[in-house]
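**Q** Numbering (the numbering used here), first residue to last: 1 to 327.
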Ligand code: PBG
């Protein structure tokens, strides 16, 4: 029998745990995590989200306690999403730029109680819009340029309340530059922009829309969110956002789009974020809770894969569980 040439034995590097740790190329740490959380009005309130086990909507006081715990676990940042009552929604998302709107109140309380935690806020009309779209609706069209001042006013209101980073997730053209100008003009030159630069029109946002009651009332989001079939187009979106002044660019969803994450990470010199979205979380949790897969292990493997593809940071609803497991 012909022995293998001695050099052709990659298994030599896998012989023990210590050796595997030594040659490991990618490490997931708690510092990579951003925890997305849902906010509702009220006091002492926690509302479970049935399609997202262990994710709840918190009233601002509960949010503050939960955020403090997350920060103490080592999670550096929280991303906030408000759920509004229907009677506060309208066609122009008026509530989104009010100084005492729900999200703005939540930001203020959070920054007062846990000042060092990075607060990231979503900039998009959908949770505030009676149409459930991310832009202004006219007939059956989603208007682009007319939406930009609404987004800018929303971002400025969030910055005034204390947001560290605003995160436009609407996919309107030109919104990063428009928001950057508005922030600078309002004296918020230090507030960063995490752009959802590459956001696909994905079927994986369903549980999130349940959580916020934010599903579109008519049509879908395919005229503004990207076609899942497209890869090169992601680089065009990223290039535009970088030129417009984005500080961080994001790809979303994450696991089904690792090729895109890798392309983007290879093409920009600013940090890249990835969003493991609600449907990704729900799938892993559902199969795990049924005992069909080892849920926590699949979660870790997924996040590691997202990082290996090139993400510098990951938004995940499992952030707290993962932080506990990494301790
Ligand atoms: C709103 C927004 C969405 C998500 C983040 N911001 C939903 C959408 O675009 O319909 C989805 C997040 C998730 O599914 O976890 N613009």
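The C-beta atom is built at its ideal place from N, Cα and C for all residues, glycine as well.
Going along the chain, which residues of its own chain have a beta-carbon closer than 7 Å to the beta-carbon of residue 53, five neighbours each way excluded?
**A** Excluding sequence neighbours, residue 53 sits near 285, 289.
**Q** Does any heavy atom of ligand 1 sit closer than 7 Å to the C-beta of residue 285?
**A** Not so, every heavy atom of ligand 1 lies at least 7 Å from the Cβ.
**Q** Going by beta carbon distance, what residues of the same chain come within less than 6 Å of residue 152, once the five residues before and after it are set aside?
**A** These residues qualify, in order along the chain: 178, 179, 182.
**Q** Under 7 Å from any heavy atom of ligand 1, does the C-beta of residue 83 make it?
**A** Not under cutoff, so the answer is no.
**Q** Report the partner residues of residue 317 according to the DSSP bridge assignment.
**A** None, per the DSSP bridge assignment.
**Q** What residue ranges within the segment 174 to 262 form continuous beta strand (DSSP E) runs of no fewer than 3 residues, ordered along the chain?
**A** Here the runs fully enclosed are 192 to 199, 248 to 252.
**Q** Counting along the chain, where does the beta strand (DSSP E) carrying residue 282 start and finish?
**A** It is not in any beta strand (DSSP E) - residue 282 instead sits in the alpha helix (DSSP H) that spans 278 to 289.
**Q** So, are the CB atoms of residue 204 and residue 251 less than 8 Å apart?
**A** No.
**Q** My output table needs one value for residue 129: the three-state DSSP class, helix, strand or coil.
**A** Correct three-state label for residue 129: strand.
**Q** Leaving aside the five residues before and after residue 111 along the sequence, list all residues of the same chain whose C-beta is less than 7 Å from its C-beta, in chain order.
**A** Here the set comprises 119, 162.
**Q** Would you report the Cα separation of residue 115 and residue 13, rounded to the nearest angstrom?
**A** Computed Cα separation, rounded: 44 Å.
**Q** Indicate, with yes or no, if ligand 1 has a heavy atom lying under 7 Å from the CB of residue 279.
**A** The answer is yes for residue 279.
**Q** Counting C-beta neighbours from all protein chains within 10 Å, is the total for residue 7 16 or more, i.e. buried, or is it exposed?
**A** Exposed is the call here.
**Q** Less than 7 Å between C-beta atoms, sequence neighbours within five positions excluded: which residues of the same chain meet that for residue 23?
**A** Excluding sequence neighbours, residue 23 sits near 13.
**Q** When you measure from the CB of residue 273 to every non-hydrogen atom of ligand 1, does any distance come out below 7 Å?
**A** No.
**Q** Taking C-beta to C-beta, are residue 91 and residue 130 nearer than 8 Å?
**A** Yes, the pair counts as a contact, with Cβ atoms nearer than the cut-off.
**Q** Could you name the residues that DSSP lists as bridge partners for residue 78?
**A** DSSP lists 35, 119 as partners of residue 78.
**Q** Hey, is residue 38 close to ligand 1, as in C-beta under 7 Å from one of its heavy atoms?
**A** False, no ligand heavy atom lies under 7 Å from that Cβ.
**Q** Out of 280, 231, 83, 122, point me to the one whose CA is closest to residue 59's CA.
**A** Closest by alpha carbon: 83.
**Q** Spell out the partners DSSP gives residue 273 in its beta bridges.
**A** The partner list for residue 273 (beta bridge, DSSP) reads 250, 313.
**Q** Could you please give the first and the last residue of the uninterrupted beta strand (DSSP E) stretch that includes residue 138?
**A** Here the beta strand (DSSP E) through residue 138 covers 136 to 138.
**Q** Shortest alpha-carbon distance to residue 80 belongs to which of 66, 28, 25?
**A** The residue with the shortest Cα to Cα distance from residue 80 is 66.
**Q** Does ligand 1 have a heavy atom nearer than 7 Å to the CB of residue 217?
**A** Outside the cutoff, so no.
**Q** Using only the heavy atoms of ligand 1, determine whether one of them is closer than 7 Å to the beta carbon of residue 241.
**A** No, Cβ of residue 241 sits at least 7 Å from all heavy atoms of ligand 1.
**Q** By the three-class DSSP mapping on this structure, what secondary structure does residue 93 have?
**A** Reduced to three states, the DSSP call for residue 93 is coil.
**Q** Determine which residues share a DSSP beta bridge with residue 167 and list them.
**A** Residue 167 pairs with 122.
**Q** Consider the C-beta atom of residue 318 and the heavy atoms of ligand 1; say whether any pair is separated by less than 7 Å.
**A** Not under cutoff, so the answer is no.
**Q** So who's on the other strand from residue 142, going by DSSP bridges?
**A** Looking at the DSSP assignment, residue 142 forms a beta bridge with 137.
**Q** Can you give the Cα-Cα distance for residue 199 and residue 146, rounded to whole angstroms?
**A** Going by the C-alpha atoms only, they are around 21 Å apart.
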